[in-house]
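For the sequence shown, position 168 matches number 175 in our numbering, and the numbering has no gaps at all.
Beneath this line is the structure, given in structure tokens, with notes to follow.
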Amino acid sequence: MDSHILPQQFVQTGATLPVGTRAKLGRSWALDPDKPWFHVMPRDGWLNDPNGPIFYKGRYHIFYQHVVGSSEWRWEMCWGHASSADLVTWRHEPLAMEPTPHGYDAAGCWSGCSAIDERGVPTLLYTGVRLRNSPGCGPMPPHAAYDLGLEMIECQCAAVCDPGCDNLTTWTKVEEPMVPLPPRGDLAGFRDPFIFARDGGGRPWKMLLGSGMPGRGGTLLVYHAPTLTSGWEYKGELPQGRSRPCGDWDMGAIADGAARGGLAEGGEGAAAMGVHVLCVSPYPHSTPCRPTNPCLYWLGALTPDDKFPMEQAHGPEQLDLGDVLYAPNAFVDSRNRVLMLAWLQELRGGGASCGFDYAGCLSLPRVLTLQGARLHQAPAPELAGLRQGKAFQSQHMELKAEQATPIERVRGPSLEVALTLRRGTARCAGVLLRAWLQQGPSGGAPSAAAVVVDWQRSVLEVVYPTVLHADTLAFDWDAPHRRIGGALAPPPVDGDGSVALRIFVDHSAVEVFTGAGQALATRVYRRAMPSGSDPGMFLLAGGGTACADDVSVYELGSIWEHLEDRPLKAHEPAEE
8 MDSHILPQQF VQTGATLPVG TRAKLGRSWA LDPDKPWFHV MPRDGWLNDP
58 NGPIFYKGRY HIFYQHVVGS SEWRWEMCWG HASSADLVTW RHEPLAMEPT
108 PHGYDAAGCW SGCSAIDERG VPTLLYTGVR LRNSPGCGPM PPHAAYDLGL
158 EMIECQCAAV CDPGCDNLTT WTKVEEPMVP LPPRGDLAGF RDPFIFARDG
208 GGRPWKMLLG SGMPGRGGTL LVYHAPTLTS GWEYKGELPQ GRSRPCGDWD
258 MGAIADGAAR GGLAEGGEGA AAMGVHVLCV SPYPHSTPCR PTNPCLYWLG
308 ALTPDDKFPM EQAHGPEQLD LGDVLYAPNA FVDSRNRVLM LAWLQELRGG
358 GASCGFDYAG CLSLPRVLTL QGARLHQAPA PELAGLRQGK AFQSQHMELK
408 AEQATPIERV RGPSLEVALT LRRGTARCAG VLLRAWLQQG PSGGAPSAAA
458 VVVDWQRSVL EVVYPTVLHA DTLAFDWDAP HRRIGGALAP PPVDGDGSVA
508 LRIFVDHSAV EVFTGAGQAL ATRVYRRAMP SGSDPGMFLL AGGGTACADD
558 VSVYELGSIW EHLEDRPLKA HEPAEE
């Protein structure tokens, strides 16, 4: 998926950076209070879908949709590339692919996947696009029966890694498309190849392509081939029955819950036998003024003839409770873990006119497992390597109603918070991210963001902006703030309603994980440097008392290996 997230879909929020600060940003993270520093993103420019994640010869590689030199979506989409030995320290790699003038991908190298082919060669599969009204468009579809009538013409292409290039930095495109035409002309799209079965023992390669059927909704097309880059034949649609959300499905993927590198955990392997996870990124979203979201998944059975009966599947479930995560992509690493990364969209306008030289970042790597009838997500344990010492620790904190309890000695825009909220008489409790404290130009009430567990409504939310009482920092829990979140997983029958949270705050990027395996990603924009000392964090309870147990807060460092890519401390006042 690439053409869909256009600039007018973003919500413009608040003021931009001062002109003097803007001029200093350039290709660095210096002085920008909103630009993440422990989420993967290019030095500058536009980022969207993660593509082709792979662990190869001791390094993790992630490719991503990237527009060079612009913080807005454009047709000339490239594949950016970053790599890491440990999921903690990353380095920027050269562009993996760029559009070929007058080629099948002249207007963009769109999303796809990676695989090791039958000869052991790393291979990238992607959707090439060309504009039908462009002088360099190339061949048109030979017949109306294969013409989708879109502004662009899509085909499925491949590139192979050059011999001896173990760092996956040089690629050669296969001259002809591996799938040049869609199987029929009444589809809503034809893109985002995903390999879901690999060659071995005479079995064919199997691939999914995202699409949609007018009047029926999103679908996934199944293809088989004897070799990875040629001989692909259409075998039909994967989903069977039931109305399908949205007109088009992007970035479709299916995973076996019990296979090697599957999702079953511990003693649940037997229960997971025969269970597959189908995940899609529906487009368009029903609310055009918001980013494309949510992503959906089902648990069900894949039949021997590659059909997924929707009526018999459990779902759809929302993959992430937030409002910015889209286009997830997963892979199996050397430890047989299933790791997922996704695109975290912006919630503000972009472009040079707004003073931003970047847009978009990738989510933190998440470990996926199946637990019961749910997909369990947890931050990769390697992320502990970003900790710069423990800033705060407490085994037990009493939270009084409508009274802020400070988390001492916590400063800065890049933090990890781990705690368990235990209900007393309160209806809700949470963490006030007062590091985004700001005051209106007329000296009005300050505002902040809060991560809230609402036991009364059984929801997890990020509330922003909250209007705070200037002295107590209390706020009206029921006020019509912007609320992003969803229903909490049902607690254990013998549980006390406690909710364990891990909160990662990286400037504007916020990711929240629960002990039950749910996740919420959103963006919260600071929009200005603090004028004095950083105000820190607080715990709050509403409507009664609550407790916070096993509280640990860490300041987190940058992920970037090279010094020139590391940010300055954005919480220090800027010098104009």
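For each residue, glycine too, the CB sits at the ideal point set by N, CA and C.
Restricting to Cα atoms, I'd like to know which of the options is closest to residue i.
{"i": "Gly524", "options": "Leu328, Ala555 and Val95", "result": "Leu328"}
{"i": "Trp178", "options": "Arg210, Cys168, Cys172 and Pro184", "result": "Cys168"}
{"i": "Asp193", "options": "Thr427, Asp503 and Ala151", "result": "Ala151"}
{"i": "Leu508", "options": "Thr96, Gly392 and Ala555", "result": "Ala555"}
{"i": "Leu157", "options": "Ser401, Pro189, Pro184 and Ile261", "result": "Pro189"}
{"i": "Tyr241", "options": "Val282, Trp256, Pro187 and Gly264", "result": "Pro187"}
{"i": "Ser454", "options": "Ala486, Thr432 and Asp461", "result": "Ala486"}
{"i": "Trp86", "options": "Val531, Pro106, Ala92 and Ser141", "result": "Pro106"}
{"i": "Gly549", "options": "Asp572, Val512, Arg464 and Ala165", "result": "Arg464"}
{"i": "Leu428", "options": "Asp93, Glu182 and Asp503", "result": "Asp503"}
{"i": "Pro311", "options": "His88, Asp263 and Pro372", "result": "Asp263"}
{"i": "Val460", "options": "Asp478, His476, Arg430 and Ala481", "result": "Arg430"}
{"i": "Leu375", "options": "Gly392, Met404 and Asp340", "result": "Asp340"}
{"i": "Lys64", "options": "Val47, Cys172, Cys116 and Tyr111", "result": "Cys172"}
{"i": "Thr226", "options": "Ala457, His569, Asp199 and Arg344", "result": "Asp199"}
{"i": "Thr130", "options": "Leu94, Gln163, Thr236 and Ala391", "result": "Thr236"}
{"i": "Ala398", "options": "Pro184, Val417, His231 and Val458", "result": "Val417"}
{"i": "Asp124", "options": "Asp39, Pro233 and Glu389", "result": "Pro233"}
{"i": "Gly76", "options": "Arg50, Val95 and Gln395", "result": "Arg50"}
{"i": "Leu326", "options": "His383, Asp313 and His403", "result": "His383"}
Return the CA-CA distance between residue i and residue j, expressed in angstroms with no decimal places.
{"i": "Leu216", "j": "Gly259", "result": "7 angstroms"}
{"i": "Phe587", "j": "Gly379", "result": "Nothing can be reported for residue 587: it is not among the residues displayed for the chain, which extend from 8 to 583."}
{"i": "Ile566", "j": "Phe315", "result": "39 angstroms"}
{"i": "Pro291", "j": "Gly135", "result": "21 angstroms"}
{"i": "Glu79", "j": "Gly145", "result": "26 angstroms"}
{"i": "Tyr71", "j": "Trp82", "result": "15 angstroms"}
{"i": "Gly248", "j": "Gly222", "result": "13 angstroms"}
{"i": "Cys120", "j": "Leu426", "result": "37 angstroms"}
{"i": "Ala516", "j": "Leu563", "result": "13 angstroms"}
{"i": "Pro60", "j": "Ala337", "result": "7 angstroms"}
{"i": "Arg210", "j": "Asp41", "result": "49 angstroms"}
{"i": "Tyr365", "j": "Pro372", "result": "21 angstroms"}
{"i": "Thr521", "j": "Phe203", "result": "29 angstroms"}
{"i": "Phe545", "j": "Pro108", "result": "55 angstroms"}
{"i": "Arg342", "j": "Arg381", "result": "22 angstroms"}
{"i": "Arg530", "j": "Glu409", "result": "26 angstroms"}
{"i": "Ala320", "j": "Pro246", "result": "10 angstroms"}
{"i": "Gly419", "j": "Arg533", "result": "12 angstroms"}
{"i": "Gln16", "j": "Arg126", "result": "Caution applies to Gln16, whose pLDDT of 30 falls short of 50 and renders its modelled position unreliable; the model cannot decide the point."}
{"i": "Leu353", "j": "Met84", "result": "Reading off the sequence, residue 353 comes out as Glu, not Leu. Taking the straight line joining both Cα atoms gives about 18 angstroms."}
{"i": "Glu571", "j": "Gly115", "result": "29 angstroms"}
Going by DSSP, what residues sit across from residue i in a beta bridge?
{"i": "Glu244", "result": "Leu228"}
{"i": "Met104", "result": "Trp86"}
{"i": "His383", "result": "Thr376"}
{"i": "Trp462", "result": "Trp462 pairs with nothing; no bridge assigned."}
{"i": "Val136", "result": "Gly115 and Glu161"}
{"i": "Val345", "result": "Val339 and Leu375"}
{"i": "Pro316", "result": "Gln247"}
{"i": "Asn174", "result": "Asn174 is not bridged to any residue."}
{"i": "His403", "result": "Asp556"}
Which residues in the same chain as residue i place their Cβ atom closer than 6 angstroms to its Cβ, once the five residues preceding and following it in sequence are excluded?
{"i": "Gly273", "result": "In this prediction, Gly273 has a pLDDT of 46, which is less than 50 and means its spatial position is unreliable; nothing more can be read from the coordinates."}
{"i": "Ala308", "result": "Gly281"}
{"i": "Ile160", "result": "Arg137 and Arg139"}
{"i": "Leu607", "result": "Outside the displayed range of the chain (8 to 583) lies residue 607, so it cannot be described from this structure."}
{"i": "Pro43", "result": "Cys368, Asp513, His514 and Ala516"}
{"i": "Ala103", "result": "Phe70, Trp86, His88 and Trp178"}
{"i": "Leu132", "result": "Gly119, Cys120, Ala165 and Pro200"}
My guess is that residue i and residue j are in contact by the Cβ rule of under 8 angstroms, so how many angstroms apart are they, rounded?
{"i": "Tyr304", "j": "Val284", "result": "6 angstroms"}
{"i": "Asp466", "j": "Leu439", "result": "The question names Asp, but residue 466 is Val in the sequence shown. Their Cβ separation, rounded to whole angstroms, is 17 angstroms, which puts Val466 and Leu439 out of contact at 8 angstroms."}
{"i": "His514", "j": "Ser421", "result": "7 angstroms"}
{"i": "Glu423", "j": "Thr552", "result": "Their Cβ separation, rounded to whole angstroms, is 26 angstroms, which puts Glu423 and Thr552 out of contact at 8 angstroms."}
{"i": "Leu547", "j": "Ala411", "result": "6 angstroms"}
Note down, in chain order, each residue of its chain lying with its Cβ closer than 8 angstroms to the Cβ of residue i, except the 5 sequence neighbours on either side.
{"i": "Ser90", "result": "Arg66, Tyr67, His68, Ile69, Trp97, Arg98, Glu100, Asn174 and Leu175"}
{"i": "Leu334", "result": "Contrary to the premise, residue 334 reads as Ala rather than Leu in this sequence. The answer, listed in chain order, is Met8, Asn55, Asp56, Pro57, Ser118, Asp257, Met258, Ser288, Cys302, Ala349 and Trp350."}
{"i": "Pro386", "result": "Leu371, Pro372, Arg373, Val374, Arg509, Phe511, Glu518 and Phe520"}
{"i": "His11", "result": "Low per-residue confidence applies at His11: pLDDT is 41, beneath 50, and the placement is therefore not dependable, though the value from the model is reported in the following sentence. Contacts found: Asp257, Tyr290, Pro291 and Thr299."}
{"i": "Val345", "result": "Ala262, Gly268, Gly269, Leu270, Ala337, Phe338, Val339, Val374, Leu375 and Thr376"}
Quick one: residues in its chain with C-beta nearer than 7 angstroms to the C-beta of residue i, no 5 flanking neighbours on either side, listed in chain order?
{"i": "Ser401", "result": "Val558"}
{"i": "Gly492", "result": "Leu328, Val466, Leu467, Glu468, Val469 and Leu527"}
{"i": "His488", "result": "Val470, Tyr471, Pro472 and Thr473"}
{"i": "Gly243", "result": "Val229"}
{"i": "Phe197", "result": "Leu155, Glu161, Pro189, Leu216 and Ser218"}
Taking 8 angstroms as the CB-CB limit, is residue i close to chain B?
{"i": "Met185", "result": "Going by chain labels, chain B is absent from the structure shown, which holds only one protein chain."}
Between residue i and the ligand FMN, is the CB less than 7 angstroms from at least one heavy atom?
{"i": "Val47", "result": "Ligands displayed in this structure: none; no statement on the ligand FMN is therefore possible."}
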